[in-house]
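In my numbering, the protein residues as written are 145 to 254.
Glycine is no exception: its CB is placed at the ideal position from the N, C-alpha and C atoms.
Here's what the structure looks like:
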């Protein structure tokens, strides 16, 4: 397949991940993010340099928009979102997923 790792990952995975950096107390933010429909997993990132910001990698269903509710929830609580960006699968991750699927299909056939 001739494509970018990002495009291949979109085809392979049912979820998407994004990084977000929010100004506010991490435990409160974590609790509120967990309430948003479509959020599947949250990884708190260690950010020792700037303790006023909390950083997370959020995994969500591709079929549900969690970014818009996240924005409005944080705004209503007075927590500023400083950064939000997609987290892309690496080329190695995509390769491993493709080869595992191929291996599973071969085992099913043979």
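Notebook entry, point to check: Between residue 199 and residue 163, which are expected to be in contact by the criterion C-beta below 8 Å, what is the C-beta distance as a whole number of angstroms?
Noted result: Yes, they are in contact, since the Cβ atoms of residue 199 and residue 163 sit about 7 Å apart, within 8 Å.
Checklist line | With 16 other Cβ atoms within 10 Å as the buried cut-off, status of residue 190 | finding: So residue 190 counts as exposed.
Notebook entry, point to check: Apart from the five residues just before and just after residue 182, which ones in its own chain have a Cβ nearer than 6 Å to its Cβ?
Noted result: Sequence-distant partners of residue 182 (beyond 5 residues in either direction) whose C-beta falls short of 6 Å from its own C-beta, in its chain, are 204, 205, 208, 210.
Next item on the list: Could you tell me which residues DSSP pairs with residue 231 in its beta bridges?
Entry: Under the DSSP definition of a beta bridge, residue 231 partners with 161.
Next item on the list: Identify, in the order they occur along the chain, each residue of the same chain with its Cβ nearer than 8 Å to the Cβ of residue 174, setting aside the five sequence neighbours on each side.
Entry: Cβ contact annotation for residue 174 (same chain, cutoff 8 Å, sequence separation greater than five): 186, 188, 198, 200, in chain order.
Next item on the list: Tell me whether residue 173 sits in a helix, a strand or coil according to DSSP, three-state version.
Entry: In this structure, DSSP gives residue 173 a helical state, which the three-state scheme calls helix.
Item checked: Inter-residue spacing [alpha-carbon to alpha-carbon] between residue 220 and residue 226 -> So the two alpha carbons sit approximately 15 Å from each other.
Notebook entry, point to check: Once you ignore the five residues that flank residue 217 on each side, which residues in its own chain have a CB closer than 6 Å to its CB?
Noted result: The answer, listed in chain order, is 176.
Item checked: Cα-Cα separation, residue 224 to residue 215 -> Distance between the alpha carbons of residue 224 and residue 215 is about 9 Å.
Margin query: In the DSSP output, which residue or residues are listed as bridge partners for residue 198?
Written below: Beta-bridge annotation (DSSP): residue 198 is paired with 166.
Check: What is the residue span of the alpha helix (DSSP H) that residue 217 lies within?
Finding: Segment 211 to 221, the alpha helix (DSSP H) holding residue 217.
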